[in-house]
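As they're listed, the protein sequences go chains W and C.
Everything in the first sequence is counted per my numbering, starting at 27 for the first residue and increasing by one.
Everything in the second sequence is counted per my numbering, starting at 242 for the first residue and increasing by one.
Note that beta-carbon positions come from the ideal geometry of N, C-alpha and C, so glycine has one too.
On a predicted model such as this, the values are computed, not experimentally measured, just so you know.
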Amino acid sequence: MEKSNISVIIPIHTVIDLDQYLPKALESVTKNTVQPDEILIVRCACPEVTEFLSGYDFGDMKKKIRIVETKKTKEFAHMVNSAVEEVKTDYFSILEFDDEYSSIWFKNAVKYIKAYPDVDVFLSHVIDVNEKNEFVGTTNEVTWSLGFVQGMTPEESFSNLGFLDLEALKTFPNFQLSGAVIKKATFEDIGGIKNNVKLSFVYEFLLRMTYNGYKVMTIPKSGYKHMNMRPYSLFWRYRNDDRYKLSQNEGKFWMQTAMKEYFFNFDREIKYEGN
Amino acid sequence: MIEKLKESLNKIENKDFQIMFLTPDLKGTPRASVAEIYYHVKELIKLGYNASILHENNEYTKVGAWLGEEYDNLPHSSIQEIGGTFKVGPQDFLIIPELFGNVIQQTQKLPCKRVIFAQSYDYILDMLPPGTNWTSLGVNTFITTSETIKQEINKLFPATTGHIISPQIPSYFSNKNSLKKPIIAIMCRDDRTTSKIVKTFYLKYPLYSFITFRDIKQIPREELSEVLNDYFLSVWVDETSSFGTFPVESMKCGTPVIGKVPMIQPEWISEKNGIWLFDELQIPEAIAIFSKNFFEDVEDTDLLNEIKGMENKYTEEEQSKQIKDVYTKIFNERKEELKTNISRLSEPNNLEQPIVL
Numbered sequence: 027m028e029k030s031n032i033s034v035i036i037p038i039h040t041v042i043d044l045d046q047y048l049p050k051a052l053e054s055v056t057k058n059t060v061q062p063d064e065i066l067i068v069r070c071a072c073p074e075v076t077e078f079l080s081g082y083d084f085g086d087m088k089k090k091i092r093i094v095e096t097k098k099t100k101e102f103a104h105m106v107n108s109a110v111e112e113v114k115t116d117y118f119s120i121l122e123f124d125d126e127y128s129s130i131w132f133k134n135a136v137k138y139i140k141a142y143p144d145v146d147v148f149l150s151h152v153i154d155v156n157e158k159n160e161f162v163g164t165t166n167e168v169t170w171s172l173g174f175v176q177g178m179t180p181e182e183s184f185s186n187l188g189f190l191d192l193e194a195l196k197t198f199p200n201f202q203l204s205g206a207v208i209k210k211a212t213f214e215d216i217g218g219i220k221n222n223v224k225l226s227f228v229y230e231f232l233l234r235m236t237y238n239g240y241k242v243m244t245i246p247k248s249g250y251k252h253m254n255m256r257p258y259s260l261f262w263r264y265r266n267d268d269r270y271k272l273s274q275n276e277g278k279f280w281m282q283t284a285m286k287e288y289f290f291n292f293d294r295e296i297k298y299e300g301n
Numbered sequence: 242m243i244e245k246l247k248e249s250l251n252k253i254e255n256k257d258f259q260i261m262f263l264t265p266d267l268k269g270t271p272r273a274s275v276a277e278i279y280y281h282v283k284e285l286i287k288l289g290y291n292a293s294i295l296h297e298n299n300e301y302t303k304v305g306a307w308l309g310e311e312y313d314n315l316p317h318s319s320i321q322e323i324g325g326t327f328k329v330g331p332q333d334f335l336i337i338p339e340l341f342g343n344v345i346q347q348t349q350k351l352p353c354k355r356v357i358f359a360q361s362y363d364y365i366l367d368m369l370p371p372g373t374n375w376t377s378l379g380v381n382t383f384i385t386t387s388e389t390i391k392q393e394i395n396k397l398f399p400a401t402t403g404h405i406i407s408p409q410i411p412s413y414f415s416n417k418n419s420l421k422k423p424i425i426a427i428m429c430r431d432d433r434t435t436s437k438i439v440k441t442f443y444l445k446y447p448l449y450s451f452i453t454f455r456d457i458k459q460i461p462r463e464e465l466s467e468v469l470n471d472y473f474l475s476v477w478v479d480e481t482s483s484f485g486t487f488p489v490e491s492m493k494c495g496t497p498v499i500g501k502v503p504m505i506q507p508e509w510i511s512e513k514n515g516i517w518l519f520d521e522l523q524i525p526e527a528i529a530i531f532s533k534n535f536f537e538d539v540e541d542t543d544l545l546n547e548i549k550g551m552e553n554k555y556t557e558e559e560q561s562k563q564i565k566d567v568y569t570k571i572f573n574e575r576k577e578e579l580k581t582n583i584s585r586l587s588e589p590n591n592l593e594q595p596i597v598l
């Protein structure tokens, strides 16, 4: 089978619904006609996760899977950054355990890497579903709208289609990084994903990428199914869990923070003091 | 008179005659029918003939900007400039596009051979004075682009002889196997049709509102081949088209076409080589279905294989051969006409017979 030069990173920070979703997520990888070279499951040091994974039957996939433990925290950004350090391929992709790749994703990712070697992040045309697996919308496709990324001439606007730039991001922040295929070297150069910007970590990462001149494009193929607001997921907790819940003002604060932080390639301490 | 005709006959045999192609001024707008005229002129010059573009006014916008610089260098002359010095003899040929029906009447008294170049069936009767036909205006030869149009023209003007020269699609319209972008190349004869299709599609399928449509009418030819290679779909509505250059160009670039079948069905259309509809209202839905399949990577292999079959059709080589054959035939027919007239004039008993030049 063709080598993809892509690793898949699956961060696991909880066992809630893990037995329900992880098999589907892993199956979505195996269903691809072009396979990733390796799957890194990065887990927090929580005992229940350790226990779940040590008893999990990965079947035929076992030889392809590596478990990476992060001792720092169970925060998403830390887990991903730790896993990327372990990645042996030139590209990697993040798969949330409650999400799925489409069976055509890696085949297309390999094609686009070959055609666009200078692109650093290939976003997927993401299909969003709710926890009942019902279609709710799509993400990342907006880069293909004429005028989303402005050009100096009409011709330039056409040639910009599919790509993301800083100015466009400033007006439209809603992008999805999960499922994207990312160049490892670029990710490390730029300092990885920041934990301290809370819910705006994807936005801040993309702002920082484009600000530094790295290239981000959307592959126009439905490559990834993302479950929105699964109970106990990160963003669900920001909205519903009393321990993590963010007020509307704080939500705004973190988005504004992203707009200030993308100049820095390191994760600065930030405190929210308002209400 | 006999000596003059003999001289003309000699001139044809020695390639010492003019072939002038009357050409409309498009003011820089690309159009396949005018491109074809230029291809004929270029090829005839290559064959050693004295062919040129003849345009009405001195202020004529050449086609180099959209067809290629080399075409600006072909011989051009303007009727306005040569005016009274415009001289043609029985050995010369004036090629008149079908849309210049009035010119056919105006040029009746010229001693040269006039040939109609009928690329669009739809325009044939537009400027033709009522009660006249090509034959009554002294034209008995035409060139067209397909057997279907030839037959239709012969139904209107039974006494004319038709020759077929298929259009050529330049070799730069070839499939470079580019990764396709979710952009639709659209070409409709009526701009309102374009607007209706685009707006209906966005209203009925907001999920696909990010898909960009691009009207390709103004795009220079060579650039168009790149555009068609990149785009995932072409949409074509031209009810009065007689050939359909744009869909063939698309297919040659590996881009499927959704189109409305024109009144005269082009000879290259097959059941499987495109998504051909009779109802324009079905086009937005067809685009939505095609788009869904594109994003999900569902390939219609039958369609793609059929499109591949277009790769070797309508080539420059094929047309060059047809140009050589057809014009040689027309020149020979003219020689025979002149010989017949010489022979009539040589026999005193036939002096009363009309001489048709």
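Could you spell out where the beta strand (DSSP E) holding residue i opens and where it closes?
{"i": "W:Gly249", "result": "242-253"}
{"i": "C:Val498", "result": "498-501"}
{"i": "W:Phe161", "result": "161-165"}
{"i": "C:Asp471", "result": "Note, C:Asp471: premise wrong, no beta strand (DSSP E); alpha helix (DSSP H) at 462-471."}
{"i": "W:Tyr117", "result": "117-120"}
{"i": "C:Pro423", "result": "422-429"}
{"i": "C:Met261", "result": "259-263"}
For residue i, which option in the options has the closest C-alpha, if you only look at C-alpha atoms?
{"i": "C:Lys533", "options": "W:Glu299, W:Thr164, W:Lys50", "result": "W:Thr164"}
{"i": "C:Phe487", "options": "C:Glu512, C:Gln459, C:Lys513", "result": "C:Gln459"}
{"i": "W:Thr59", "options": "W:Lys29, W:Pro73, W:Val34, W:Glu295", "result": "W:Lys29"}
{"i": "W:Gly188", "options": "C:Thr453, C:Gln347, C:Leu469", "result": "C:Thr453"}
{"i": "C:Leu185", "options": "C:Gln332, C:Leu340, C:Phe341", "result": "Here chain C has residues from 242 to 598 only, and residue 185 of chain C is not among them."}
{"i": "C:Phe531", "options": "C:Gln409, C:Asp520, C:Lys354, C:Ile424", "result": "C:Ile424"}
{"i": "C:Ala306", "options": "C:Ser584, C:Leu335, C:Leu246, C:Ala276", "result": "C:Ala276"}
{"i": "W:Glu101", "options": "W:Arg263, W:Gln61, W:Tyr298", "result": "W:Arg263"}
{"i": "W:Glu126", "options": "W:Ser226, W:Tyr288, W:Phe292, W:Ile36", "result": "W:Ile36"}
{"i": "C:Thr385", "options": "C:Ser415, C:Asn374, C:Thr401", "result": "C:Thr401"}
{"i": "W:Asp83", "options": "W:Asp293, W:Leu48, W:Leu195, W:Asp116", "result": "W:Leu48"}
{"i": "W:Pro246", "options": "C:Lys440, C:Ile505, C:Lys421, C:Leu544", "result": "C:Lys421"}
{"i": "C:Ile323", "options": "C:Tyr312, C:Asn298, C:Gly342", "result": "C:Asn298"}
Return the Cβ separation of residue i and residue j in integer angstroms, given the expectation that the two are a contact with Cβ distance under 8 angstroms.
{"i": "W:Ser119", "j": "W:Ile32", "result": "6 angstroms"}
{"i": "C:Tyr555", "j": "C:Ser407", "result": "6 angstroms"}
{"i": "W:Tyr229", "j": "W:Asp146", "result": "So it is not a contact: roughly 17 angstroms between Cβ atoms."}
{"i": "C:Gln200", "j": "C:Val329", "result": "Only positions 242 to 598 of chain C appear in the structure, and residue 200 of chain C is not among them; the question remains open."}
{"i": "C:Phe536", "j": "W:His252", "result": "Their Cβ separation, rounded to whole angstroms, is 15 angstroms, which puts C:Phe536 and W:His252 out of contact at 8 angstroms."}
{"i": "C:Ser491", "j": "C:Gln360", "result": "19 angstroms between Cβ atoms; not a contact."}
{"i": "C:Gln346", "j": "C:Leu378", "result": "6 angstroms"}
{"i": "C:Ile320", "j": "C:Glu339", "result": "The Cβ separation is near 18 angstroms, so there is no contact."}
{"i": "C:Thr264", "j": "C:Leu295", "result": "7 angstroms"}
{"i": "C:Lys501", "j": "C:Glu526", "result": "13 angstroms between Cβ atoms; not a contact."}
In whole angstroms, what separates the C-alpha of residue i from that of residue j?
{"i": "C:Tyr472", "j": "W:Leu52", "result": "34 angstroms"}
{"i": "C:Ala529", "j": "W:Ala103", "result": "38 angstroms"}
{"i": "W:Leu149", "j": "W:Gly205", "result": "7 angstroms"}
{"i": "W:Trp170", "j": "C:Asp367", "result": "43 angstroms"}
{"i": "W:Cys70", "j": "W:Thr99", "result": "7 angstroms"}
{"i": "C:Gln392", "j": "C:Ile337", "result": "19 angstroms"}
{"i": "C:Arg272", "j": "W:Val113", "result": "55 angstroms"}
{"i": "W:Met281", "j": "W:Gln46", "result": "32 angstroms"}
{"i": "W:Arg265", "j": "W:Leu272", "result": "6 angstroms"}
{"i": "W:Val94", "j": "W:Ala109", "result": "7 angstroms"}
{"i": "C:Gly372", "j": "C:Gln560", "result": "35 angstroms"}
{"i": "C:Lys417", "j": "C:Lys445", "result": "33 angstroms"}
{"i": "C:Leu522", "j": "C:Tyr280", "result": "36 angstroms"}
{"i": "W:Val155", "j": "W:Asp86", "result": "29 angstroms"}
{"i": "C:Phe207", "j": "C:Gln409", "result": "Not covered by the structure: residue 207 of chain C. The range shown for chain C is 242 to 598."}
{"i": "C:Thr542", "j": "C:Leu465", "result": "25 angstroms"}
{"i": "C:Ser475", "j": "C:Lys549", "result": "16 angstroms"}
{"i": "W:Asn291", "j": "C:Leu267", "result": "56 angstroms"}
{"i": "C:Asp566", "j": "C:Phe572", "result": "10 angstroms"}
In the DSSP assignment, find the alpha helix (DSSP H) that holds residue i and state where it starts and stops.
{"i": "C:Arg355", "result": "Careful: C:Arg355 lies outside any alpha helix (DSSP H), inside the beta strand (DSSP E) at 354-359."}
{"i": "W:Ile130", "result": "Counting along the chain, W:Ile130 falls outside any alpha helix (DSSP H), and DSSP gives it neither H nor E."}
{"i": "C:Gly342", "result": "342-347"}
{"i": "W:Thr197", "result": "192-197"}
Taking only heavy atoms of the ligand HEM into account, decide whether any of them is closer than 7 angstroms to the Cβ of residue i.
{"i": "C:Ser419", "result": "Of ligands this structure carries none, so the ligand HEM is not represented either."}
(message) As an exercise, report each continuous alpha helix (DSSP H) stretch of at least 4 residues that is fully enclosed by the segment 500-576 of chain C, in chain order.
(response) Taking only runs of at least 4 residues, the alpha helix (DSSP H) segments lying wholly in the segment 500-576 of chain C are 524-536, 542-549.
(message) Report the start-end ranges of each beta strand (DSSP E) in the segment 351-409 of chain C that is 3 residues or longer and not cut off at the edges.
(response) Complete beta strand (DSSP E) runs here, min 3: 354-359, 382-385, 402-405.
(message) What ranges does the beta strand (DSSP E) occupy inside the segment 39-89 of chain W, keeping only unbroken runs of at least 3 residues that lie completely in it?
(response) Runs found: 64-70.
(message) To test your reading of the DSSP string, which unbroken beta strand (DSSP E) runs of 3 or more residues are found completely within the segment 268-342 of chain C?
(response) DSSP assignment within the segment 268-342 of chain C yields the following whole beta strand (DSSP E) runs of 3 residues or more, N-terminal first: 291-296, 317-319, 334-338.
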